[in-house]
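Trainee: Here the sequence shown stands for residues 105 to 322, numbered as in this note's numbering.
For every residue, glycine included, the Cβ atom is placed at its ideal position computed from N, Cα and C.
My questions will all concern the structure given below.
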Amino acid sequence: MGKRQPLRTLKRAVRLSDMSVVTSDQLLGLDPDAYHEIRRQVTRARIDGSAAFVCEHCGFAVYAPREPKSRLPFWRHHKGAPHNCPWWTGNPRTTDEVSGLQFDGIQESFLHKQLKQTVAELLRIDPLTEPNSVIVDEYLAHEGNRRRPDIRAQYDGRPIAIEIQLATTQIPIIVAREDFYRREGRHLIWLTWNFFQNERDRLLTACVSACNFDPLGG
Numbered sequence: 105m106g107k108r109q110p111l112r113t114l115k116r117a118v119r120l121s122d123m124s125v126v127t128s129d130q131l132l133g134l135d136p137d138a139y140h141e142i143r144r145q146v147t148r149a150r151i152d153g154s155a156a157f158v159c160e161h162c163g164f165a166v167y168a169p170r171e172p173k174s175r176l177p178f179w180r181h182h183k184g185a186p187h188n189c190p191w192w193t194g195n196p197r198t199t200d201e202v203s204g205l206q207f208d209g210i211q212e213s214f215l216h217k218q219l220k221q222t223v224a225e226l227l228r229i230d231p232l233t234e235p236n237s238v239i240v241d242e243y244l245a246h247e248g249n250r251r252r253p254d255i256r257a258q259y260d261g262r263p264i265a266i267e268i269q270l271a272t273t274q275i276p277i278i279v280a281r282e283d284f285y286r287r288e289g290r291h292l293i294w295l296t297w298n299f300f301q302n303e304r305d306r307l308l309t310a311c312v313s314a315c316n317f318d319p320l321g322g
């Protein structure tokens, strides 16, 4: 059997910010930084209820996932695109559906619990931590939304939130957390376990944002 070809049914997408066209071939040729910038633009627009890129044929919002086996990017319609579009790519699972399949029935791991308690204790004994500011597993509310960071504290004069991420997660989840804490005025720190450096072109799409995020904004 020959090598599987990347999915390029949807041939051209329009970037609404400047009305430029990005073909499927151009998408394949993007360097990793340019590709992940497209992913973040699409995700932020989706969270805001708008679109960053649309199908040139039907005008419906599109995004750019990677094909699971080849790891090559391709344009794909968001769920709900008209079936009569000749470039229709099917109905993908939603973020919640993917998360449900990934974590269905899985409780918080013992490692996750232990890391929370260890990090909290280390913060409490650190002289740069404001006394009594370390809080574990409690909700923060801001502008009608809320998040529950694993640990939050006032550290070196700055409010911080620490999220422990032991499994891969999706870029919409990463971006939503980053945006929430940024609006709330809090510095977000991602904490992983047994992290190892990988080649960028082999790094899972969802991981790139978390691993490259500057937690202290400087």
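#1: Among 113, 169, 252 and 230, whose alpha-carbon lies nearest the alpha-carbon of residue 281?
#2: Counting only the same chain and skipping the five closest in sequence on each side, list residues whose C-beta sits under 7 Å from that of residue 358.
#3: Measuring straight from C-alpha to C-alpha, what distance separates residue 237 and residue 178?
#4: Contact check, residue 295 vs residue 268 under 8 Å by CB: the rounded distance?
#5: Mind checking residue 143: buried by the 16 CB within 10 Å criterion, or exposed?
#6: Using the Cα positions of residue 292 and residue 244, report the straight-line distance between them to the nearest angstrom.
#7: Compute the Euclidean distance between the alpha carbons of residue 120 and residue 145, then round it to the nearest angstrom.
#8: Would you mind reading off the limits of the beta strand (DSSP E) that contains residue 238?
#9: Once DSSP output is grouped into helix, strand and coil, what is the label at residue 246?
#10: My assumption, with CB atoms under 8 Å, is that residue 168 sits in contact with residue 131. Please give the rounded CB distance.
#11: In terms of DSSP beta bridges, what is residue 285 paired with?
#12: Which word fits residue 152, buried or exposed, when buried means at least 16 other C-beta atoms lie within 10 angstroms of its C-beta?
#13: If you run the structure through DSSP and keep just helix, strand and coil, what is residue 296?
#14: Who are the near neighbours of residue 223 in its chain, counting only those whose CB is closer than 8 Å to its CB and skipping five residues on each side?
#15: With a 10 Å radius around its C-beta and 16 neighbouring C-beta atoms as the bar for buried, classify residue 187 as buried or exposed.
#16: Keeping to the same chain, check which residues put their C-beta closer than 6 Å to that of residue 127; ignore five residues upstream and five downstream.
#17: Comparing alpha-carbon positions, which option in 163, 185 and 297 lies nearest residue 270?
#18: Keeping to the same chain, check which residues put their C-beta closer than 7 Å to that of residue 264; ignore five residues upstream and five downstream.
Mentor: According to the structure data:
#1: 252
#2: Residue 358 lies beyond the range of the chain shown here (105 to 322); nothing can be said about it.
#3: 46 Å
#4: 5 Å
#5: buried
#6: 13 Å
#7: 11 Å
#8: Where residue 238 is concerned, there is no enclosing beta strand (DSSP E), because DSSP gives it neither an H nor an E.
#9: Residue state, collapsed to three classes: strand.
#10: Right, their Cβ atoms sit about 6 Å apart.
#11: The partner list for residue 285 (beta bridge, DSSP) is empty, contrary to what the question assumes.
#12: exposed
#13: coil
#14: 254, 255, 266, 268 and 295
#15: exposed
#16: 116
#17: 297
#18: 256, 257, 290, 291 and 293
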